[in-house]
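Q: Residue numbering for the sequence shown follows our numbering, beginning at 7 and increasing consecutively.
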Amino acid sequence: MEGFSLELRDQPEPLEQILVDCRDTLKYGVKTGHPRYFNQLSSGLDIVGLAGEWLSATANTNMFTYEIAPVFVVMEEILLKKMHEMVGWGEIEADGIFSPGGTISNLYSVLVARYKRFPEIKTKGMAALPHISLFVSEHSHYSIKKAAAVLGIGTDNVIAMKEEHILLAIPSDHIPLYVSATAGTTVYGAFDPLDNIADICEKYGLWMHVDAAWGGGLLMSRKHSFKLNGIERANSVTWNPHKLMGVPLQCSAFLVCEKGLLQACNQMCAGYLFQPDKQYDTTYDTGDKTIQCGRHVDVFKLWLMWKAKGTRGFEILINKSLELAEYLYRELNSRENFELVFDAEPELTNVCFWYIPPNLRRIPNGPEREKLLHQVAPKIKTRMIEEGTTMVSYQPHGDKVNFFRMVFSNPATRKSDVDFLLEEIERLGKDL
Ligand SMILES: Cc1ncc(COP(=O)(O)O)c(C=O)c1O
Numbered sequence: 007m008e009g010f011s012l013e014l015r016d017q018p019e020p021l022e023q024i025l026v027d028c029r030d031t032l033k034y035g036v037k038t039g040h041p042r043y044f045n046q047l048s049s050g051l052d053i054v055g056l057a058g059e060w061l062s063a064t065a066n067t068n069m070f071t072y073e074i075a076p077v078f079v080v081m082e083e084i085l086l087k088k089m090h091e092m093v094g095w096g097e098i099e100a101d102g103i104f105s106p107g108g109t110i111s112n113l114y115s116v117l118v119a120r121y122k123r124f125p126e127i128k129t130k131g132m133a134a135l136p137h138i139s140l141f142v143s144e145h146s147h148y149s150i151k152k153a154a155a156v157l158g159i160g161t162d163n164v165i166a167m168k169e170e171h172i173l174l175a176i177p178s179d180h181i182p183l184y185v186s187a188t189a190g191t192t193v194y195g196a197f198d199p200l201d202n203i204a205d206i207c208e209k210y211g212l213w214m215h216v217d218a219a220w221g222g223g224l225l226m227s228r229k230h231s232f233k234l235n236g237i238e239r240a241n242s243v244t245w246n247p248h249k250l251m252g253v254p255l256q257c258s259a260f261l262v263c264e265k266g267l268l269q270a271c272n273q274m275c276a277g278y279l280f281q282p283d284k285q286y287d288t289t290y291d292t293g294d295k296t297i298q299c300g301r302h303v304d305v306f307k308l309w310l311m312w313k314a315k316g317t318r319g320f321e322i323l324i325n326k327s328l329e330l331a332e333y334l335y336r337e338l339n340s341r342e343n344f345e346l347v348f349d350a351e352p353e354l355t356n357v358c359f360w361y362i363p364p365n366l367r368r369i370p371n372g373p374e375r376e377k378l379l380h381q382v383a384p385k386i387k388t389r390m391i392e393e394g395t396t397m398v399s400y401q402p403h404g405d406k407v408n409f410f411r412m413v414f415s416n417p418a419t420r421k422s423d424v425d426f427l428l429e430e431i432e433r434l435g436k437d438l
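Encoded structure:
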């Protein structure tokens, strides 16, 4: 960051310098709105969402009480209601809260599941509880483990398994409490069979959570929403509009199928904030439902985008990202130097693949080739970042060596950008 001083001084700096600093901040940062930025599940820059963020910052208020955020609190209620309907809870008195990201929404799911079964946790703590086990699908996001660590359950008590094995591996002194199914896994974009998992949860009285942080947006697509069939049977759902729906970071909803549970679980009734004798209906003081005190206004940008696009606008956006994923899948299938991790049409917008440089094609399948292939994606990524032309993520997964994970959620991306990416990978990697 040549010439960009980050040092802070005692005296104010001139306006001219402040403006240069603003330009440099964007200049040296990563252009996540660029049509060839594919690195993360959240990408792109929606101008209405940006306007929403500016207005929220202008209002500079706090979500904890209706007293100081009346409009935003009502907007949150409207949004939650809309999302409940899409999940299939239109007829139920459901609840929810916008939280600072999918990780925190998933944490809420474990928190309320535990409180529902063991309300004494709130006052007595973990010492009063038996051992509890949480179950996650094999490719679930690491945030459930994190929640187990934060909530004193322990990561050893999070059991990752294939759906048909649930409950087979629980020590006899453990209480199975909770299952988190994933609707759109982080790396593969895969969907767990929600109805089958719901059957198991019903049979054994387990809390069913659906982590739809990534795939939740598909509920807006009439063509693709069937992939979430069974979500209506969940007790709670995480849905991040800041991913597939392109809402600027951050915007994540935690939805729960029982009114009052969040409040009972988290409320502390701080007298200085939640006075019971205010002149309005104090159930609109939603702040005590959360594990925070102050809470950022994340709802307005989503509300504004929904107003400006309508549900159908989000549907078009999401279908377009899915079409780009299908296009990439077909391109990879037809190109000699690429190999798909799965030879199946993408379920979401994730497409995972290896680039096989010509030198490697000569080596027969086996450990030697695997070892070399493992180094290809990181080397290409390093060159990609040095050149600044595009950005895509890679990782190993299970027994698979490093592969590229492409995801589409950026509305600015076109087919020509997909072609560019493949050609760029070949250009940067053909000598490896
Ligand atoms: C399936 C899934 N759940 C949860 C998360 C966590 O979301 P956040 O980054 O908003 O905390 C992610 C993030 O990629 C995810 O893919």
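In this text, a Cβ means the ideal position worked out from N, Cα and C, and glycines have one as well.
Does the distance from the C-beta atom of N272 to that of K295 stay below 8 Å?
A: As a working mapping, residue 272 is identified with position 266 in the sequence shown. As a working mapping, residue 295 is identified with position 289 in the sequence shown. Yes, the pair counts as a contact, with Cβ atoms nearer than the cut-off.
Q: Identify every residue that forms a DSSP beta bridge with V303.
A: Sequence index remark: in the sequence shown, residue 303 carries index 297 (1-based). None; V303 has no bridge partner.
Q: Are the region 217-224 and the region 375-382 touching, with three or more C-beta to C-beta distances below 8 Å?
A: Result no; under three Cβ-Cβ pairs closer than 8 Å.
Q: Is the Cβ of E332 closer than 8 Å to any Cβ of chain B?
A: Any reference to chain B falls outside this structure, which holds one protein chain only.
Q: For S105 and N371, what's the separation of their Cα atoms in angstroms?
A: Position 99 of the sequence shown, counting from 1, holds the residue named residue 105. Position 365 of the sequence shown, counting from 1, holds the residue named residue 371. So the two alpha carbons sit approximately 46 Å from each other.
Q: Whole alpha helix (DSSP H) runs in the region 363-426 with 4 or more residues, listed along the chain?
A: If we require 4 residues or more, the alpha helix (DSSP H) runs fully inside the region 363-426 come out as 364-367, 373-393.
Q: Do you know how far the Cα of F410 is from the Cα of Q285?
A: Sequence index remark: in the sequence shown, residue 285 carries index 279 (1-based). Sequence index remark: in the sequence shown, residue 410 carries index 404 (1-based). Their backbone Cα atoms lie some 57 Å apart in a straight line.
Q: Alpha carbon to alpha carbon, how far is L14 from T38?
A: Counting from 1 along the sequence shown, the entry for residue 14 is found at position 8. Counting from 1 along the sequence shown, the entry for residue 38 is found at position 32. For L14 and T38, the distance between alpha carbons rounds to 27 Å.
Q: Between the region 190-198 and the region 313-324, do three or more beta carbon pairs fall short of 8 Å?
A: At 8 Å Cβ cutoff, the stretches do not touch.
Q: DSSP on L21, reduced to helix/strand/coil?
A: Mapped onto the sequence shown, residue 21 falls at position 15. DSSP places L21 in helix when its eight states are reduced to three.
Q: Quick one: residues in its chain with C-beta nearer than 6 Å to the C-beta of L354, no 5 flanking neighbours on either side, listed in chain order?
A: For the purposes of this step, residue 354 is taken as the residue at position 348 of the sequence shown. Hits under 6 Å: G190, G195, G221.
Q: Which residues does DSSP pair with E144 in a beta bridge?
A: Position 138 of the sequence shown, counting from 1, holds the residue named residue 144. According to DSSP, which records beta bridges pairwise, E144 is partnered with nothing at all.
Q: Could you give the C-beta distance for K5 and Y400, rounded to a whole number, given that I count them as a contact under 8 Å?
A: The structure shown does not extend to residue 5, since the chain is modelled only from 7 through 438, so no value can be given for it.
Q: Specify, as a first and last residue, the run of the beta strand (DSSP E) that G211 falls within.
A: The residue given as residue 211 occupies position 205 in the sequence shown. Per DSSP, G211 belongs to no beta strand (DSSP E) and is neither H nor E.
Q: If distances are taken between C-alpha atoms only, which option among L255, F141, K229, I159 comes closest to T188?
A: Residue mapping note: residue 188 aligns to position 182 of the sequence shown, counting from 1. That would be F141, whose Cα lies nearest to the Cα of T188.
Q: Using only CA atoms, which one of C358, G266, P417, M7 lies nearest to T192?
A: For the purposes of this step, residue 192 is identified with residue 186 of the sequence shown, where counting begins at 1. The shortest C-alpha separation from T192 is found at C358.
Q: Rounded to a whole number of angstroms, what is the C-alpha to C-alpha distance between E169 and L183?
A: The count along the sequence shown starts at 1 and reaches residue 169 at position 163. The count along the sequence shown starts at 1 and reaches residue 183 at position 177. Confidence is the limiting factor: at E169 the pLDDT is only 49, short of 50, which leaves the residue's position unreliable, though a coordinate-based value still follows. Computed Cα separation, rounded: 15 Å.
Q: Could you check if T296 belongs to the surroundings of ligand 1, using beta carbon to heavy atom distance under 7 Å?
A: Residue 296 sits at position 290 when you count from the first residue of the sequence shown. No, Cβ of T296 sits at least 7 Å from all heavy atoms of ligand 1.
Q: Whose C-beta lies closer than 8 Å to the C-beta of H230 among residues of the same chain, with five residues either side of it excluded?
A: One-based indexing of the sequence shown puts residue 230 at position 224. These residues qualify, in order along the chain: L224, I324, N325, L328.
Q: Look at the Cβ atom of K421, then the Cβ atom of L346, and state whether they are nearer than 8 Å.
A: Numbered from its first residue, the sequence shown carries residue 421 at position 415. Numbered from its first residue, the sequence shown carries residue 346 at position 340. No; because the gap between Cβ atoms is not below 8 Å, this pair is not in contact.
Q: Span of the alpha helix (DSSP H) holding Y64?
A: What you label residue 64 is simply residue 58 of the sequence shown in a count that begins at 1. Strictly speaking, residue 64 in this sequence is Thr, with Tyr absent from that position. From DSSP, the alpha helix (DSSP H) with T64 extends over 53-65.
Q: Mind listing, in chain order, the continuous beta strand (DSSP E) runs of no fewer than 3 residues lying wholly within the region 188-268?
A: The qualifying runs are 213-218, 242-245, 258-262.
Q: In three-state DSSP terms, what is P106?
A: Locating residue 106 in the sequence shown gives position 100, counting from the first residue. In this structure, P106 counts as coil in the three-state DSSP scheme.
Q: Considering only the beta carbon of each residue, do V305 and L85 sit closer than 8 Å?
A: Numbered from its first residue, the sequence shown carries residue 305 at position 299. Numbered from its first residue, the sequence shown carries residue 85 at position 79. Cβ atoms of V305 and L85: closer than 8 Å.
Q: Do you know how far the Cα of D283 is from the Cα of K87?
A: Stepping through the sequence shown from its first residue, residue 87 is reached at position 81. Stepping through the sequence shown from its first residue, residue 283 is reached at position 277. Going from the Cα of K87 to the Cα of D283 covers about 27 Å.
Q: Please classify C358: does DSSP put it in a helix, a strand, or coil?
A: Counting from 1 along the sequence shown, the entry for residue 358 is found at position 352. Three-state DSSP puts C358 in a strand.
Q: With the cut-off set at 8 Å, would you say V93 and I237 are in Cβ contact?
A: Walking along the sequence shown from the start, residue 93 turns up at place 87. Walking along the sequence shown from the start, residue 237 turns up at place 231. Contact flag set, yes.
Q: Suppose the cutoff is 7 Å on Cβ atoms and the five residues either side in sequence are ignored; what does the same chain contact list for G158 look like?
A: Locating residue 158 in the sequence shown gives position 152, counting from the first residue. Around G158: M132.
Q: Would you kindly work out how many angstroms separate the C-alpha atoms of D16 and F260, rounded to a whole number?
A: In the sequence shown, residue 16 corresponds to position 10, counting from 1. In the sequence shown, residue 260 corresponds to position 254, counting from 1. Those two C-alpha atoms are separated by around 43 Å.
Q: Between the Cα of E144 and the Cα atoms of K152, V164, V156, P136, which residue gives the shortest distance?
A: Sequence index remark: in the sequence shown, residue 144 carries index 138 (1-based). It is V164 whose Cα lies nearest to the Cα of E144.
Q: Mark S340 as exposed unless 16 or more other C-beta atoms lie within 10 angstroms of its C-beta, in which case mark it buried.
A: For the purposes of this step, residue 340 is identified with residue 334 of the sequence shown, where counting begins at 1. So S340 counts as exposed.
Q: Check whether the Cβ of S415 sits closer than 7 Å to any heavy atom of ligand 1, and report yes or no.
A: As a position in the sequence shown, residue 415 is number 409, starting the count at 1. S415: no, Cβ never under 7 Å from ligand 1.
Q: What are the residues that DSSP puts in a beta bridge with F44?
A: Stepping through the sequence shown from its first residue, residue 44 is reached at position 38. Paired residues: V398.
Q: What's the call for S415, buried or exposed, on a 16-neighbour Cβ count within 10 Å?
A: What you label residue 415 is simply residue 409 of the sequence shown in a count that begins at 1. With 16 or more Cβ atoms within 10 Å of its Cβ, S415 is classed as buried.
Q: According to the Cβ coordinates, are L268 and I103 closer than 8 Å?
A: The count along the sequence shown starts at 1 and reaches residue 268 at position 262. The count along the sequence shown starts at 1 and reaches residue 103 at position 97. It is a contact, given that the beta carbons lie within the stated cut-off.
Q: Go ahead and pull the three-state DSSP assignment for S111.
A: As a working mapping, residue 111 is identified with position 105 in the sequence shown. Helix.
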